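Trainee: Heads up: take any position in the sequence shown, counting from 1, add 17, and you land on the numbering used here.
Every residue, glycine too, gets a C-beta built ideally from N, C-alpha and C.
No experiment lies behind these values; they were computed from the predicted model shown.
Starting off with a structure, shown below.
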Amino acid sequence: MKMIRKLGRSGIEVSALGLGCWAIGGKMYMDGKVDSWGNVDDMESIRAIQRALELGVNFLDTADAYGIGHSEEIIGEAIA
18 MKMIRKLGRS
28 GIEVSALGLG
38 CWAIGGKMYM
48 DGKVDSWGNV
58 DDMESIRAIQ
68 RALELGVNFL
78 DTADAYGIGH
88 SEEIIGEAIA
């Protein structure tokens with residue numbers, strides 16, 4: 018059963034379950050200190066995204082701040 022929701026008033030249909038992609042951004046530094054997730058395997062992240070898409074997830078939460086854009090790059094590779 019595929020669970021779909023409307024995204025606010027936009028009318029866009031998204032999966033009820035989303036995939037948070039902050040960790041996919043990997044290691045990031047602020048003031049010389051690690052300020053995010055540690056090392057992340059990009060291929061494992063790509064496989065996880067592809068599997069989520071296969072299962073009907075179409076809502077990916079990302080931001081340019083996640084790994085200073087690395088999360089978005091990995092999502093792009095996964096859906097290309």
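1. At what residues does the alpha helix (DSSP H) containing R26 begin and finish?
2. Would you report the Cα separation of N75 and V57, rounded to the nearest angstrom?
3. Provide the residue span of the alpha helix (DSSP H) that contains I96, from first to last.
4. Counting pairs of beta carbons, one from the segment 31 to 47 and one from the segment 71 to 88, are three or more of them closer than 8 angstroms?
5. Please identify the residue among D59, W54, L70 and S27 whose C-alpha is closest to the C-alpha of G35.
Mentor: If we stick to the structure as given:
1. Here R26 belongs to no alpha helix (DSSP H), and DSSP marks it neither H nor E.
2. 22 angstroms
3. H87 to I96
4. yes
5. L70
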